[in-house]
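Below: the structure, in structure tokens.
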Amino acid sequence: MVLQMLPVNSVPLQWQTYSGAVFYEYSYATNASFTGAVNGTTTGITTTIATLNQGTTYYWKVRANNGSGYSPWSAVWSFSTIGIGTPILISPANGAINQPLTSLVLDWQDATGGTFYEYQYGTDINFTSPAPASATTTVSTVTINGLPLNTTYYWRVRTSDGTTQSPWSTVWSFTTVGLDVPVLVSPANGATNQPITSLVLDWQDATGGTFYEYQYGTDISFY
Numbered sequence: 000m001v002l003q004m005l006p007v008n009s010v011p012l013q014w015q016t017y018s019g020a021v022f023y024e025y026s027y028a029t030n031a032s033f034t035g036a037v038n039g040t041t042t043g044i045t046t047t048i049a050t051l052n053q054g055t056t057y058y059w060k061v062r063a064n065n066g067s068g069y070s071p072w073s074a075v076w077s078f079s080t081i082g083i084g085t086p087i088l089i090s091p092a093n094g095a096i097n098q099p100l101t102s103l104v105l106d107w108q109d110a111t112g113g114t115f116y117e118y119q120y121g122t123d124i125n126f127t128s129p130a131p132a133s134a135t136t137t138v139s140t141v142t143i144n145g146l147p148l149n150t151t152y153y154w155r156v157r158t159s160d161g162t163t164q165s166p167w168s169t170v171w172s173f174t175t176v177g178l179d180v181p182v183l184v185s186p187a188n189g190a191t192n193q194p195i196t197s198l199v200l201d202w203q204d205a206t207g208g209t210f211y212e213y214q215y216g217t218d219i220s221f222y
């Protein structure tokens with residue numbers, strides 16, 4: 000019988016009472032041959048084992064001793080401990096466009112088994128050249144700033160307990176906002192009888208820029 004996803008620090012083993020037993024011997028190992036097995040004894044019908052490896056299948060068995068000898072070993076059962084989960088990305092959605100240059104939030108689902116996350120983002124889908132930005136966090140979200148305009152980034156996350164690392168998540172991408180083209184407001188195109196002083200040129204706000212450059216002249220080609 001296989002019991003999946005048990006904790007690594009407290010796994011109770013329990014068996015039925017054996018008539019005439021004075022004590023029980025139990026054995027568990029990471030292989031069905033019980034090579035390198037851990038053995039112990041108890042007078043009860045349960046014991047708790049701890050300090051197990053993450054994401055590992057264990058095999059266990061029990062036999063009784065009536066003071067004169069041992070019974071045959073029980074059937075071999077197995078269980079698996081909790082492994083380190085691979086993070087699942089949430090946002091920005093894969094392929095998202097027009098993402099902000101500052102206060103961009105990378106978010107992913109909590110992953111089991113780890114104590115912190117490592118995240119990477121960069122312009123190379125292979126995360127090699129140029130080298131990606133890389134950092135760690137203990138929560139499943141991070142805010143990044145100072146991104147350039149109209150640039151596609153790739154990002155991924157993995158979790159670790161300090162000893163074991165999960166696989167990297169799937170790689171997602173996002174593209175930062177580009178510069179909008181300003182839309183002219185007034186004077187209306189072709190307007191006549193405009194004042195020769197204090198003439199106001201007006202246009203709609205355009206996203207992505209920090210200042211505007213304007214031109215006016217008597218040559219439609221601006222030469």
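Numbering-wise, the sequence shown is residues 0 to 222 according to numbering that gives the first Met the number 0.
Glycine residues also receive a C-beta, built at the ideal position from the N, C-alpha and C atoms.
(request) Name the two residues that bound the continuous beta strand (DSSP E) containing Asp123. (result) Taken as a continuous stretch (DSSP letters only), Asp123 belongs to no beta strand (DSSP E), as it is neither H nor E.
(message) Relative to the C-alpha of Gly161, which candidate in Thr136, Trp14, Asp106 has its C-alpha closest?
(response) Thr136
(message) Give me, in chain order, the residues of the same chain whose beta-carbon lies closer than 6 Å to that of Ala31; leave out the 5 immediate sequence neighbours on both sides.
(response) Excluding positions up to five away in sequence, the list reads Tyr58.
(request) Within the same chain, show all residues whose beta-carbon is closer than 8 Å to that of Met0, passing over the 5 residues directly before and after it, in chain order. (result) Its pLDDT being 38, under 50, Met0 is placed unreliably by the model, and the measurement read from it follows with that caveat. Cβ within range, chain order: Trp76, Ser77.
(request) Keeping to the same chain, check which residues put their C-beta closer than 6 Å to that of Leu88; ignore five residues upstream and five downstream. (result) Correct list, in chain order: Trp107, Ser168, Trp171.
(request) Under 8 Å Cβ to Cβ from Gly84, same chain only, skipping five residues before and after it: list those, please. (result) Ala110, Thr111, Gly112, Gly113, Thr158, Ser165
(message) Am I right that Gly19 and Asn65 are in contact with their C-beta atoms under 8 Å? What's the rounded C-beta distance?
(response) 4 Å
(request) Could you tell me the boundaries of the beta strand (DSSP E) in which Gly39 lies? (result) 37-41
(message) Can you give me the C-alpha to C-alpha distance between Trp14 and Ala74, rounded to a whole angstrom?
(response) 11 Å
(message) By the three-class DSSP mapping on this structure, what secondary structure does Val141 have?
(response) strand
(request) Using alpha carbons as the reference points, say which of Gly216, Thr127, Tyr23, Thr140 lies closest to Leu103. (result) Of all alpha-carbon atoms in Gly216, Thr127, Tyr23, Thr140, the one lying nearest the alpha-carbon of Leu103 is that of Thr140.
(request) Go ahead and pull the three-state DSSP assignment for Gln98. (result) strand
(request) Between the Cα of Asn93 and those of Thr174, Asn125, Val138, spot the shortest distance and give me the residue it belongs to. (result) Thr174
(message) Is any non-hydrogen atom of the ligand SAM found closer than 8 Å to the C-beta of Ser220, if you look at the structure I gave you?
(response) Judged by which ligands are present, the structure shown has none, so any question about the ligand SAM falls away.
(request) Report the rounded CA-to-CA distance for Tyr120 versus Trp154, giving the unit in angstroms. (result) CA-CA distance, Tyr120 to Trp154, rounds to 4 Å.
(message) Between which residues of its own chain and Val184 is the CB-CB distance below 7 Å, once the five residues before and five after are set aside?
(response) Here the set comprises Asp201, Trp202, Gln203.
(request) Find out if the Cβ-Cβ distance for the pair Thr29, Gly39 is shorter than 9 Å. (result) no
(request) Leaving aside the five residues before and after Phe221 along the sequence, list all residues of the same chain whose C-beta is less than 6 Å from its C-beta, in chain order. (result) Gln214
(request) Would you mind sorting Pro129 into buried or exposed? The rule is 16 or more other CB atoms within 10 Å of its CB. (result) When all chains shown are included, Pro129 counts as exposed.
(request) Ignore the nearest five residues each way along the sequence and tell me which others in Pro71's own chain have a CB closer than 8 Å to its CB. (result) Taken in chain order, the residues that qualify are Arg62.
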